[in-house]
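Next comes the structure, spelled out in structure tokens:
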């Protein structure tokens with residue numbers, strides 16, 4: 001009993017569709033190889049599946065470019081002229097934008113200003129002022145972060161110093177319970193341009209004396 005004829009319409013089941021695609025593609029490529037070998041033909045096949053995967057066959061004796069060149073020569077058509085013109089158009093637009101940007105950069109450096117009108121000069125001045133404002137704000141933010149980092153380091157040093165003092169006092173009392181101790185303010189406060197004049201105590205020393 002012969003195989004039933006397949007209805008020519010899209011296969012709805014994705015798995016069946018992929019299986020059929022693979023079988024038909026392999027069959028097509030097999031016929032292309034047979035044409036190449038038996039008939040000394042030059043064959044190029046490009047297939048894009050529904051999953052956007054490309055599959056290609058090209059006769060070993062040629063390349064895709066050579067076949068396209070032969071196609072243009074035989075049929076007297078130009079496949080690339082429209083693409084080339086579009087590329088030239090895009091290149092011209094990019095070069096124009098590049099010239100404008102270079103001119104704007106020179107103007108912001110104080111060059112090429114003679115041809116500008118009063119209105120253009122005023123606008124340029126305002127753009128520069130706006131840019132300076134943004135730069136100052138960014139600078140202030142960076143400086144504030146650096147100050148906060150420095151403050152954290154100072155607090156860490158103070159905490160470590162306090163811990164060392166406490167440990168020293170405990171050790172001294174354990175060695176001689178009759179010793180008294182007091183903190184002596186050396187008056188060595190750390191002044192800074194970052195506003196730390198009142199940031200914590202000065203440097204203290206320990207004075208141990210017999211009871």
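In the UniProt record's numbering, the protein residues as written are 1 to 211. Glycine included, every Cβ here is placed at the ideal spot set by N, Cα and C.
Output yes or no for whether 8 Å exceeds the beta carbon distance between residue i and residue j.
i: residue 11; j: residue 32; result: no
i: residue 58; j: residue 25; result: no
i: residue 132; j: residue 124; result: no
i: residue 113; j: residue 101; result: no
Per DSSP, what kind of secondary structure is residue i in: helix, strand or coil?
i: residue 54; result: strand
i: residue 132; result: helix
i: residue 44; result: strand
i: residue 69; result: helix
i: residue 123; result: helix
i: residue 5; result: coil
i: residue 157; result: helix
i: residue 196; result: Confidence at residue 196 is low in this model, with a pLDDT of 43, below 50, so its placement is unreliable and no value can be given for it.
i: residue 111; result: coil
i: residue 26; result: helix
i: residue 188; result: Only weak support exists for where residue 188 lies, its pLDDT of 48 falling under 50; the value from the coordinates is given anyway. Coil.
i: residue 61; result: coil
i: residue 11; result: coil
i: residue 76; result: coil
i: residue 117; result: coil
Among the options, which residue has its Cα nearest to the Cα of residue i?
i: residue 18; options: 28, 51, 41 and 42; result: 51
i: residue 60; options: 133, 41, 85 and 99; result: 41
i: residue 54; options: 21, 111 and 174; result: 21
i: residue 62; options: 73, 56 and 43; result: 43
Does the ligand SAH have even one heavy atom less than 7 Å from the beta-carbon of residue i?
i: residue 126; result: Questions concerning the ligand SAH fall outside what the structure shown contains, since it holds no ligand whatsoever.
Taking residue i and residue j to be in contact with their CB atoms under 8 Å, please state how far apart those CB atoms are, rounded to whole angstroms.
i: residue 128; j: residue 155; result: So it is not a contact: roughly 41 Å between Cβ atoms.
i: residue 75; j: residue 68; result: Not confirmed; about 11 Å, so no contact.
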